[in-house]
Amino acid sequence: MILLKRHRIIRSSPAIRSLVAETRLTPDDMMAPLFIVEGEGAVEEVSSMPGYFRRSLDETIKEVKELWSMQIKAVLLFIKCKDELKDNKGTEALNPDGLMQRSIRAIKDACPDMLVMTDVALDPFSSYGHDGIVEGNEILNDATVEVLAEMSVSHARAGADFVAPSDMMDGRIGAIRLALEQNGFTRTGILSYSAKYASCFYGPFRDALDSAPGFGDKKTYQMDYQNRREAIKETLLDIEEGADMVMVKPALSYLDIIREVKDAVHVPVSAYNISGEYAMIKAAARMGWLNEEKAIIETLTSIKRAGADLIATYFARDAVRILG
Ligand code: PBG
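Below is the structure:
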């Protein structure tokens, strides 16, 4: 055969493949989510997330120091609120000595260069497990936004580098930016969960924090996965309102959205490789059906290739170890 195009030439050896590789995963691409619980010396495995743990603050600090030594530069904090502290308005979320606020201070104290990003949403604090204040069957928008803005200021005051609103209420980014400005927090960033879809893949996370909605679902605020353009609209608006970085969530069933958002904006784009995506790989690997290490690296590389500048992932520690 005479072929003028021999495509296999640039795939023919590890050396040439590494020279022409377009996407290379590094520790700089990853943020590690952390689940924090009250107590001491507690390290509890999340049953639907094998190999992932809820930790008390003392244990979390050890983990953060280790992550930093592995070159991971950002953690995303989630706390598990005690049942007796939950109410409809998420009052505990504003407690200056609440678990979130104490965690931010302690982590920044122990590891000052680690970027601390905090989840801003009501669901872990809500007696209804919703991301907003409930009235009848409604999730109230404007009243919720007020709490989210206060919550953001409270996280900034405790020392958070970025607040990360994950709720999908209208107008919250603008309200949060304004509140940060009014309170003198001009160096606190906003990582907005801009295109967050109502997804069945959040299941294991809701187990981890005991935050499943008590009634109904989250479809009146999180996006419908049948839609694409809406993701761009939401994202552009968040940037206009003052978001420093945006996020697409989940990641794997939404790689097309990551790419479209990336092409539409000029701010860093992140993606959240969520709990259900973690659980699927872990479960298949445990059954002996997948090579776990290869699945982790291929998955994270695909999210980066789709356009994510940074990836929140429960695999952060594994991936850094595998990458060596
Ligand atoms: C809620 C929140 C969720 C996640 C992050 N923040 C779940 C939800 O919206 O119900 C999910 C993360 C994951 O599944 O890993 N504010």
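In terms of our numbering, the sequence shown is residues 1 to 324.
No residue lacks a Cβ here, since even glycine has one placed at the ideal position from N, Cα and C.
- In the DSSP annotation of this structure, R187 is not part of any alpha helix (DSSP H), being labelled neither H nor E.
- Between the alpha carbons of A251 and K262 lies a gap of roughly 13 Å.
- A212 and P50 have their alpha carbons spaced roughly 19 Å apart.
- A distance criterion of 8 Å places the beta-carbon of K196 in contact range of ligand 1, judged by its closest non-hydrogen atom.
- For G276, the distance from the CB to the nearest heavy atom of ligand 1 is below 8 Å.
- Proximity to R228 across F215, Y254, L237 and A243 peaks at Y254, based on C-alpha coordinates.
- Remark: C-beta atoms of E92 and F125 approach each other more closely than 9 Å.
- With a cutoff of 9 Å on beta-carbon distance, S47 and I79 are scored as not near each other.
- Sixteen is the threshold: when 16 or more other Cβ atoms of the shown chains lie within 10 Å of the Cβ of F162, as they do, the residue is buried.
- Relative to ligand 1, Y314 has its C-beta within less than 8 Å of a heavy atom.
- Residue environment analysis places H130 among the buried positions, since at least 16 neighbouring C-beta atoms fall within 10 angstroms of its C-beta.
- M287 counts as exposed, since fewer than 16 other beta carbons sit within 10 angstroms of its beta carbon.
- The bridge partners DSSP lists for A74 are L115.
- In the three-state DSSP reduction, F125 falls in the helix class (H, G or I).
- Residue state for P33 is assigned as strand, using DSSP reduced to three classes.
- Under DSSP, E135 forms a beta bridge with E138.
- Counting every other CB atom within 10 Å of its CB across the protein chains shown gives R172 a total of 16 or more, marking it as buried.
- Remark: C-beta atoms of R157 and P96 approach each other more closely than 9 Å.
- As summarised for the stretch 176-248, the continuous beta strand (DSSP E) elements at least 3 residues long and confined to that stretch are 189-196, given in chain order.
- G90 sits in coil when the DSSP states are folded into three classes, being neither helix nor strand.
- Cβ neighbours of L76 within its own chain (closer than 8 Å, five residues either side excluded): M31, A32, P33, L34, M117, T118, D119, A164 and A312.
- If you draw a straight line from the Cα of H155 to the Cα of M100, it comes to about 8 Å.
- Shown here for A316: same chain residues with a beta carbon closer than 6 Å to its own, the five before and five after excluded, namely M30, A32 and I72 in chain order.
- Within the stretch 259-307, complete beta strand (DSSP E) segments of at least 3 residues are found at 269-273, given in chain order.
- Cα atoms of A160 and Y193: separation of roughly 17 Å, rounded to the nearest angstrom.
- Inter-residue distance for L290 and I281 is about 8 Å (C-alpha atoms, whole angstroms).
- A check of alpha carbon separations from W68 across L310, I296 and K108 identifies K108 as the nearest.
- Not a single heavy atom of ligand 1 lies less than 8 Å from the C-beta of F53.
- Nearest to I190 by C-alpha distance, out of I232, E240, S127 and G203, is E240.
- By the Cβ rule, the stretch 198-212 does not count as touching the stretch 264-272, because fewer than three pairs are nearer than 8 Å.
- Secondary structure of Y254 (DSSP, three-state): helix.
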